[in-house]
Amino acid sequence: KDFGFLYFGRVGHFFFVIQCRLHELANKRRISVTGASKLLANILYSYRGMGLSVGTMIAGWDEKGPGLYYVDSEGGRLKGNRFSVGSGSPYAYGVLDNGYRYDLSVEEAAELARRAIYHATFRDGASGGVASVYHVGPNGWKKLSGDDVGELHYHYYPVEVAAVEQEMAEVPVA
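See below:
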């Protein structure tokens, strides 16, 4: 069952990529971020009520500049400047809402993203893995970091090693 779900996810991804490529071939230009989000929303809308559980962010840069959309299982679509997707989202939103400013530098934004992902994975048992942070710009994607979320815990909450105040006494074996 899980393998089928993963396989279906791959097929769905490839179907979406092919649809975007067909748009490019037919129109002699790449699909816009808005167009890609609408295409995905239309695909998901046609399968509404069938038990799909999808939460997706479409991020990109086109001739109109940066674009970020959230698309849900029912084909709902929102444009915004920050989103979190998944079961750890409430924890990530707490960090994002507190730390987001429009004028963040790339480094500050990447650190905010890492911190939001860390808190989502630390507080949510179903989340975890690697926090991969990318920067999307007019010249494409650039991977900024890929941190194991377990290691991020020690980055944000360093453990102080207490000095041993007394030696342990040997316990005789009976």
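Quick note on the working numbering: the sequence shown kicks off at 6 and runs consecutively. Just so it is clear, CB atoms sit at the ideal spot from N, CA and C, and this is done for glycine as well.
Threshold first: 4 residues or longer. Then list the alpha helix (DSSP H) segments lying entirely within the segment 86-155, N to C. 94-104 and 111-128
If you check the beta carbons only, do MET62 and VAL90 fall under 7 angstroms apart? Here residue 62 refers to the residue found at position 57 when the sequence shown is read from its first residue. Here residue 90 refers to the residue found at position 85 when the sequence shown is read from its first residue. Yes, the pair counts as a contact, with Cβ atoms nearer than the cut-off.
Same chain, Cβ closer than 6 angstroms to SER137, neighbours up to 5 away in sequence not counted: Within the sequence shown, residue 137 is the residue found at index 132, counting from 1. Within the same chain, SER137 has close Cβ partners GLY151.
Quick check on the DSSP output: the beta strand (DSSP E) that includes VAL38 runs from which residue to which? Here residue 38 refers to the residue found at position 33 when the sequence shown is read from its first residue. Premise fails: VAL38 lies in the alpha helix (DSSP H), 38-50, not in any beta strand (DSSP E).
Roughly how many angstroms separate the alpha carbons of LYS127 and LYS33, rounded to a whole number? Position 122 of the sequence shown, counted from the first residue, corresponds to residue 127. Position 28 of the sequence shown, counted from the first residue, corresponds to residue 33. In the sequence on display, residue 127 carries Phe and not Lys. Answer to the nearest angstrom: the Cα atoms are 45 angstroms apart.
Taking the beta carbon of HIS124 as the centre, do at least 16 other beta carbons fall within 10 Å, making it buried, or is it exposed? Mapped onto the sequence shown, residue 124 falls at position 119. HIS124 should be labelled buried.
Looking only at its own chain, which residues have a Cβ that is under 6 angstroms from the Cβ of PRO143, when we skip the five neighbours before and after it? In the sequence shown, residue 143 corresponds to position 138, counting from 1. Answer for PRO143: TRP66, listed in chain order.
Any idea if PHE13 is buried or exposed, counting beta-carbon neighbours within 10 angstroms, 16 or more meaning buried? One-based indexing of the sequence shown puts residue 13 at position 8. Confidence at PHE13 is low in this model, with a pLDDT of 44, below 50, so its placement is unreliable and no value can be given for it.
Just to confirm my understanding: we take VAL76, look at its own chain, exclude 5 residues before and 5 after, and list those with CB closer than 7 angstroms. What are they? To locate residue 76, count along the sequence shown from 1; it is residue 71. Cβ within range, chain order: SER42, LEU45, ALA46, LEU49, THR61, ILE63 and ARG82.
Helix or strand or just coil, what does DSSP make of ARG53? Indexing the sequence shown from 1 puts residue 53 at position 48. ARG53: coil per DSSP, three-state reduction.
Which whole-angstrom value describes the C-beta separation of ALA121 and ALA97, a residue pair presumed to lie in contact below a C-beta threshold of 8 angstroms? Taking the sequence shown and counting its residues from 1, one reaches residue 121 at position 116. Taking the sequence shown and counting its residues from 1, one reaches residue 97 at position 92. Sure, about 4 angstroms apart at Cβ, within 8 angstroms.
Residue-level contact to chain C via CB, ASP67, 7 angstroms cutoff: Among the protein chains of the structure shown there is no chain C, as only one such chain exists.
Throw me the rounded Cβ distance for the VAL141 and PRO71 pair, which I believe falls under 8 angstroms. Position 136 of the sequence shown holds residue 141. Position 66 of the sequence shown holds residue 71. Between PRO71 and VAL141 the Cβ distance is about 7 angstroms, and since that is below 8 angstroms, they are a contact.
Counted within 10 angstroms of its Cβ, other Cβ atoms place GLY9 as buried (16 or more) or exposed: Numbered from 1 along the sequence shown, position 4 holds the residue referred to as residue 9. Confidence is the limiting factor: at GLY9 the pLDDT is only 32, short of 50, which leaves the residue's position unreliable and the question unanswerable from this model.
Do you know how far the Cα of TYR52 is from the Cα of LEU109? As a position in the sequence shown, residue 109 is number 104, starting the count at 1. As a position in the sequence shown, residue 52 is number 47, starting the count at 1. Distance between the alpha carbons of LEU109 and TYR52: 38 angstroms.
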